[in-house]
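J.: Heads up: the sequence lines are chains W and V, in that order. Each residue of the first sequence is one higher than the last, beginning at 1 in our numbering. Each residue of the second sequence is one higher than the last, beginning at 1 in our numbering. Note that the Cβ used here is the ideal one computed from N, Cα and C, for glycine as well.
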Amino acid sequence: MGEWIEPVSFDVLEGEWFVIRTTPARSGTLLRLCCGLDEPAPPGTMEVLGETPGLLGRDAVFNFRRRLGVALQPDGLVSNLPLIRNLVVPLVYSGQRTPAEASARAEAVLEMLELTAWAQARPSELPPDLRQVAAIARALAPEPKALVLEDPLNAVRSRMAAGVLDRCKAAVPSAIITVFRRFEPLYDIADHLVLWDARGFVSAGEGVA
Amino acid sequence: MILDAIASTGHGARQVGASSALLTRFAGAIMRSTLTYPRTAFRLWWRSVANQVRFTAADAIPFVGTVAIAVGGIVIVEASAQAIKFGGLSDTLGKLLASVIVRELGPLFTSILVIGRSGTAIAAELAACRVYGEIDALEAMGVNPLHYFVLPRILGVAISVAALTLLFDAVTLTSGLLAARVIQKISLEEYVGSLQLAMRSWDVIEVTLKGAISGAGIAALCTFEGLRAGRAPTEIPQAVTRAVVDSLLFVVGLAGLFALLRYL
């Protein structure tokens, strides 16, 4: 991603929300590796949900990704689709649900995150804070085993963000999340909070600000 | 100076080689993706194909029709003038119409119009999707971009170019008839009789097939160039330019190949 990344080693336990405060470049590299969008440079390895995404074949890596709920930066909401279809399309085209099942699931997720009123709006019509919540909704729709979120909800007011994060954690107990600046709602909900900079990983107790 | 020219030629050849290898891999991936198409997506897929046909064919009818009227008028007036000069009108005019307009100009003009109108839109849309992270986001959610972005466009544009080619030929011949009657005073019977002598029913099949192959190729090349755009906004116009050049070379090459096969 255009920045040299120093070697790091870490484990995220099942049932834990692992929050990393870092730079956009480190975050982008790490999360793309998690999803199998990039491969680690040898001899580096990465194992996610028992798979090594960088080594999977083309079809296998798509099957692997269906177990993740992903929201990266930029959010990648498809600009010519209404919000509800942004949730339906990945469910249907990944082979997980029929269009009717996908619509029902999408409606349920939008309701859970209080976005029902915006279901027919295009992404460009959403205010920036709701657009971030919409990206989270799309990540939650497939009922993933783990969430992979990049600097989520940074434009959302703290109280609303805390509510969204609580609902996300209740739905998906495992997550790896990166954040680019101090963001209290995420710090509060994290099971494990670390700073990642040129020194490597620094735990919360050692001065993550 | 000479060394620079040799180095630049070598660099160009390497780039063409690399692009060809990528394109071959892309074609292979398209073939493979048809086998892994998710059953759950068939209904939405048909909707995408229908939207593509509406945009590429239905919305383009006034544009293609206008060009066809102009081409028909110009070519047939000129052709009939030459036919009268060089011999029997009934023989020469029909042969000229069948070979120049129906078999060659119709498919070629239609393909060029579709490249200009829809091919550019496809390449720009997909390049923008790449730049704004939409393709990465869908891939990260387990969606194969070939299933969602490429296959419906290939089928939709193939159907559209085949249909528009038939329309182009029909409008051209009709407008040519009017022009020939008004300017060259050729009778309807003479015109139709000349055409009947020169055309076979196979011509319609050939033209439809040519249009469908041309459309599929245009869509494949434009999606290829759109999807391989980088992440900077400046990549969007570059992707469009490459898509237009690739597609034009493809349709001209295809026309040449069909002509070669016909006369071999």
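Do V/S48 and V/V251 have their beta-carbon atoms positioned less than 9 Å apart in this structure?
T.: Taking 9 Å as the Cβ cut-off, V/V251 and V/S48 do not qualify as a contacting pair.
J.: Could you check what DSSP says for V/L260 in three-state terms: helix, strand or coil?
T.: V/L260 falls in the helix class under three-state DSSP.
J.: What does W/I20 pair with, by DSSP beta-bridge criteria?
T.: Per DSSP, W/T178, W/V194.
J.: Counting only the same chain and skipping the five closest in sequence on each side, list residues whose C-beta sits under 8 Å from that of W/L140.
T.: The residues are G69, V109, M112, L113, L147, C168, A171, V172.
J.: Could you tell me if V/A5 is buried or exposed, where buried requires 16 or more neighbouring beta carbons within 10 angstroms of its beta carbon?
T.: Classification for V/A5: exposed.
J.: By Cβ distance, which residues of its chain are closer than 7 Å to W/A102, with the 5 residues on each side in sequence left out?
T.: Around W/A102: V88, L91, V92.
J.: What would DSSP say about W/F10, mapped onto helix, strand or coil?
T.: In this structure, W/F10 counts as coil in the three-state DSSP scheme.
J.: Cutting at 8 Å between CB atoms, please list the residues of its own chain near W/S79, excluding the five before and the five after it.
T.: Taken in chain order, the residues that qualify are R122, P123, S124.
J.: Which of the three DSSP states, helix, strand or coil, is assigned to W/F64?
T.: Here W/F64 sits in helix by DSSP.
J.: Which residue wins for smallest C-alpha separation from V/K185, given the options V/L254, V/P233, V/I84?
T.: Selected option, being the one with the closest Cα: V/I84.
J.: I'd like the list of long-range same chain contacts for V/L126, defined as Cβ closer than 7 Å, with 5 residues on each side in sequence excluded.
T.: Closer than 7 Å at the Cβ level, and outside the excluded window around V/L126, lie F149, T223, G226, L227.
J.: Assess contact between the region 193-200 of chain W and the region 165-185 of chain V, defined as three or more Cβ pairs (one per stretch) separated by less than 8 Å. Is contact present?
T.: Not touching, per the Cβ criterion.
J.: So what's W/S79 in DSSP terms, helix, strand or just coil?
T.: Looking at W/S79 - three-state DSSP - the assignment turns out to be coil, as it is neither helix nor strand.
J.: Can you give the Cα-Cα distance for W/A175 and V/A232, rounded to whole angstroms?
T.: So the two alpha carbons sit approximately 30 Å from each other.
J.: Short of 7 Å Cβ to Cβ, which residues in the region 6-32 of chain W face chain V?
T.: The residues in question: there are none.
J.: By how many angstroms is the C-alpha of W/I84 removed from the C-alpha of W/T211?
T.: Only positions 1 to 209 of chain W appear in the structure, and residue 211 of chain W is not among them; the question remains open.
J.: Cβ of V/T172 within 9 Å of Cβ of V/V77?
T.: No; because the gap between Cβ atoms is not below 9 Å, this pair is not in contact.
J.: For a test of the three-state rule: what should DSSP assign to W/F201, helix, strand or coil?
T.: Looking at W/F201 - three-state DSSP - the assignment turns out to be strand.
J.: For W/G163, return the contacting residues in chain V, with the cut-off set at a CB-CB distance below 9 Å.
T.: Within chain V, no residue comes near W/G163; the closest Cβ sits about 24 Å away, beyond 9 Å.
J.: Quick check: the Cα distance between W/D191 and W/I20, rounded to an integer number of angstroms?
T.: Cα to Cα, W/D191 sits roughly 11 Å from W/I20.
J.: Starting from V/L23, trace the alpha helix (DSSP H) in both directions and tell me its first and last residue.
T.: Where V/L23 is concerned, the enclosing alpha helix (DSSP H) stretches over 2-35.
J.: Rounded to whole angstroms, what's the CA-CA distance from W/A100 to V/R54? Just pull it up for me.
T.: The alpha-carbon atoms of W/A100 and V/R54 are separated by roughly 25 Å.
J.: Please name the residue, chosen from V/A220, V/T241, V/R43, V/L261, that lies closest to V/E206 on a Cα-to-Cα basis.
T.: Ranking the options by Cα distance to V/E206, first place goes to V/L261.
J.: If you draw a straight line from the alpha carbon of V/T234 to that of W/I136, how long is it in whole angstroms?
T.: Rounded to the nearest angstrom, the two C-alpha atoms are 29 Å apart.
J.: So who's on the other strand from W/E51, going by DSSP bridges?
T.: W/V48, per the DSSP bridge assignment.
J.: Any Cβ of chain B within less than 9 Å of the Cβ of V/G142?
T.: Given the protein chain composition of this structure (W and V), no chain B is represented.
J.: With 16 as the cutoff for other CB atoms within 10 Å, does V/W202 come out buried or exposed?
T.: Counting Cβ neighbours within 10 Å, V/W202 comes out exposed, since fewer than 16 surround it.
J.: Is there at least one Cβ from chain W nearer than 9 Å to V/R43's Cβ?
T.: So, interface residue.
J.: V/E139 CB to nearest chain W CB: under 9 Å?
T.: True, the Cβ-Cβ gap to chain W drops below 9 Å.
J.: Can you tell me whether V/G176 is helix, strand or coil according to DSSP?
T.: In the structure shown, V/G176 sits in a helix (DSSP, three-state: H, G or I).
J.: Taking C-beta to C-beta, are W/R72 and V/A140 nearer than 9 Å?
T.: Checking the sequence, you will find Leu at residue 72 of chain W rather than Arg. A contact, by the Cβ cut-off of 9 Å.
J.: DSSP beta-bridge partners for W/G69?
T.: According to DSSP, W/G69 bridges with W/L147.
J.: Report buried or exposed for W/G207, applying the criterion of at least 16 other Cβ atoms within 10 angstroms of its Cβ.
T.: Only weak support exists for where W/G207 lies, its pLDDT of 48 falling under 50; the value from the coordinates is given anyway. That one is exposed.
J.: From what residue to what residue does the alpha helix (DSSP H) around W/Y187 run?
T.: 184-189 is the span of the alpha helix (DSSP H), which, as asked, contains W/Y187.
J.: Considering only the beta carbon of each residue, do W/E184 and W/S27 sit closer than 9 Å?
T.: No, they are not a contact pair.
J.: Could you round the C-beta distance between V/V71 and V/V114 to whole angstroms and report it? I think they count as a contact, below 8 Å.
T.: The Cβ separation is near 15 Å, so there is no contact.
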